[in-house]
Amino acid sequence: MGLVSFFRRKSPWLLHFDTGGCNGCSIEVVATIIPRHDIERFGMQVRGSPRHADILVVTGPITKQAKDRIIRIYEQMPEPKMVVAVGSCPASGCVFYDCYNVVGPLDKFIPVNAYVPGCPPKPEAIIFALVKALEKV
Amino acid sequence: MTFVVPFGPQHPALKEPEYFRFEVKGEEIIDLNVRLGYIHRGIERALQERSYLHNIYLAERICGICNVAHTTAYCQTIEQLANIEVPDRARFIRTILCELERIHSHLLWAGVAAHEIGFNTLFMFFWRDRELVLDLKEMISGNRQISASNTLGGVRRDVKPEYVPTMLRVLNKLEKETKYYIDVCTSDRTILARCMGVGVLTKEDAIKLCIVGPTTRASGVDVDIRRDDPYAAYDEISFKVIIEREGDVLAKVIVRLREILESIRIIRQALKALPRGPLRTKVAPKIEPNEALGRIEAPRGELLYYAISNGTDKPERIRVRPPTYANIPSFKPMFVGGTIAEIPIVMASIDPCFACTDRVTLVDSHTGKARVVSFDELRGRRK
Ligand code: SF4
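The listed protein sequences derive, respectively, from chains A and B.
Going from the first sequence to my numbering is simple: count from 1 and add 287.
Going from the second sequence to my numbering is simple: count from 1 and add 144.
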């Protein structure tokens, strides 16, 4: 392992974007930063700007309007980048699979490194997926 | 000269993507426009295409934070359509779940509000205690957020007698903590400086714009569906409707925190009075032509469901009016005249939940390119 990827694994910053989910997953993503789960143990932080982010955390099925946004945000992120899809929504569309405004799943538009199944998954599962994704760096 | 500050869709104040366009003059906000619809999914249409039983799971996922409120309102409306009586025990369990959800939602909101004013320590405290409520929800329903415990004709899971001592213990702890938070919020200088007199919604405006829920109760308007049009077991339980007069952000904080105390009292009473009996009654899959309207007090305000049946196992039409939709007009009186620095906290103060609201698209008339969805496209994905 090179020095650069060693450091990259030590402090990845997250960016969270909701592409139309019910909020269930979004609050579980936020719940990963609270004292009980505390992802800072792994050096991770949730940040507000795509330009600072290493990992994009996507929740929700992809709606027509959010599709362009998510692609743009993905393009704005610096290389190397990773995408983690949280919940059944970005993986398959969940209950919204046949809604007229949903164009998902996410991997039709951007490459996805890890999926977390569940509706919503527990914060532990989300952390597990993030750590697993980092192992691939 | 005015300057336009765009805000969103991926923005720091909310976890959900929405676009706001503020027109400012120096520091002062003089106008704003809201553009919603980033997470419009087309749920009302989908509700028409599924059976009544399937729809429970869809209604639940309109909003993950107030999912019990959505299913309670949905089930209640469909039960009215089909003329079903819900067993007493189920009514009490619904009340308990609704109130647990109110506590979790208010704590969540209080945490977000603390985060908006840069008080991250308090955010961590609120969210730490929220985990306790989620543990209770998990104990009763098997899931932290989406509980899936309401069903047509009753509930699917019981509050077992062995749960009661744990619940009472956690509620005692929560009560103590909440009282402490009320103390903190009414005395801490940082909070007072950021919240007092900011984002005021006057009583007249609140009545004129038909604002609902804690947002309007913080402006001194005395409405609460739990008392005005009792559902579940609220008619057999005594509780106070919390009202504050000032209408600023601080009042909105205090109303919500005091509502948590009230919810704790409601749950204690419901646990004590929990009647014995069956959990659910049978519901036939097909429902005769009829129409019904159900409303409940969700954590954010009045949630309204309207349904028409047509004799088959699918509804003819279901309309959902979530509370945030009713509260969006309040942005204008609260923002105009304020400063840019107030934007996040004032926006958070109505506890907006766009997952609920975005089944409707509003397009900004100044900048918005209204996307025209053709009729074929609307029907398209059904094949
Ligand atoms: S996976 Fe489930 S909880 Fe998560 S956003 Fe989708 S519907 Fe909501």
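We put the CB at the ideal spot given by N, CA and C, even for glycine.
| Asked | Found |
| --- | --- |
| Within the region 189-257 of chain B, ranges of the alpha helix (DSSP H) (whole runs, at least 4 residues) | 196-204 and 211-226 |
| Any alpha helix (DSSP H) of 4 or more consecutive residues that is wholly inside the region 338-416 of chain A | 351-363 and 375-379 |
| Where Tyr271 of chain B meets chain A, residues with beta-carbon distance less than 9 Å | A quick correction: the sequence has Trp, not Tyr, at residue 271 of chain B. Going along chain A in sequence order, the residues near Trp271 of chain B (Cβ under 9 Å) are Val317, Ala318, Ile320, Ile321, Pro322 and Arg323. |
| Cys312 of chain A Cβ short of 7 Å to the ligand SF4 heavy atom set | yes |
| DSSP state of Ile261 of chain B mapped onto helix, strand, coil | coil |
| Selected residue, minimal CA-CA separation from Lys416 of chain B, among B:His250, B:Thr425 and B:Ser382 | B:Ser382 |
| Exposed unless 16 or more other CB atoms sit within 10 angstroms - verdict on Pro477 of chain B | buried |
| Proximity of Gly357 of chain B and Pro231 of chain B at Cβ, strictly below 8 Å | no |
| Those runs of the beta strand (DSSP E) which lie wholly inside the region 352-391 of chain B and span at least 3 residues | none |
| Classification of Glu422 of chain A by the beta-carbon crowding that lies within 10 angstroms, buried from 16 upward | exposed |
| Assigned exposure category for Val370 of chain A - 16 Cβ within 10 Å defines buried | buried |
| Neighbour flag for Gln352 of chain A against chain B, beta carbons, 8 Å | yes |
| Sequence-distant residues of its chain with Cβ nearer than 8 Å to Arg409 of chain B (five each side left out) | Phe383 |
| Contacts around Ala376 of chain B, its chain only, beta-carbon distance under 7 Å, and the 5 residues preceding and following it disregarded | Thr216, Arg235, Arg238, Thr239 and Cys242 |
| C-beta neighbour in chain A for Met268 of chain B, strict 8 Å | yes |
| Straight-line gap, Val382 of chain A to Leu202 of chain B (C-alpha atoms, nearest Å) | 6 Å |
| The ligand SF4 heavy atom lying under 7 Å from the CB of Cys242 of chain A | Past the edges of chain A, shown from 288 to 424, lies residue 242 of chain A, and the structure says nothing about it. |
| Close-in-space but distant-in-sequence residues of the same chain around Cys354 of chain B (CB under 7 Å, 5 per side omitted) | Ala470 |
| Bridge partner(s) assigned by DSSP for Asn434 of chain B | B:Ser453 |
| Proximity test, Cβ basis, 8 Å: Leu401 of chain B and chain A | no |
| Gly374 of chain A: CB within 7 Å of a non-hydrogen atom of the ligand SF4 | yes |
| Proximity test, Arg288 of chain B beta-carbon vs the ligand SF4 heavy atom, cut-off 7 Å | no |
| Close beta carbons around Thr456 of chain B, own chain, < 7 Å, minus the five adjacent residues each side | Lys430 |
| Chain B residues whose Cβ lies nearer than 7 Å to that of Pro407 of chain A | Gly208, Gln289 and Ile290 |
| Any non-hydrogen atom of the ligand SF4 within 7 Å of Gly208 of chain B CB | yes |
| Members of the region 188-206 of chain B that neighbour chain A once the beta carbon cut-off is set at 7 Å | Arg189, Ala190, Tyr201, Leu202, Arg205 and Ile206 |
| Reduced DSSP category for Glu348 of chain B - H, G, I as helix; E, B as strand; rest coil | helix |
| Contact test: Gly391 of chain A Cβ vs the ligand SF4 heavy atom, cutoff 7 Å | no |
| Where the alpha helix (DSSP H) through Leu423 of chain B begins and ends | Premise fails: Leu423 of chain B is in no alpha helix (DSSP H) and is neither H nor E. |
| DSSP bridge partner residues for Lys169 of chain B (one or two, in chain order) | B:Glu172 |
| Collapsed DSSP secondary structure at Thr330 of chain B in the structure displayed | helix |
| Other residues of its chain near Val397 of chain B: CB distance less than 7 Å, five sequence neighbours each side excluded | Ala254, Ala257, Cys329 and Cys339 |
| Cys386 of chain A beta carbon near the ligand SF4 (any heavy atom closer than 7 Å) | no |
| Proximity below 8 Å, CB of Asp302 of chain B to CB of Leu423 of chain B | yes |
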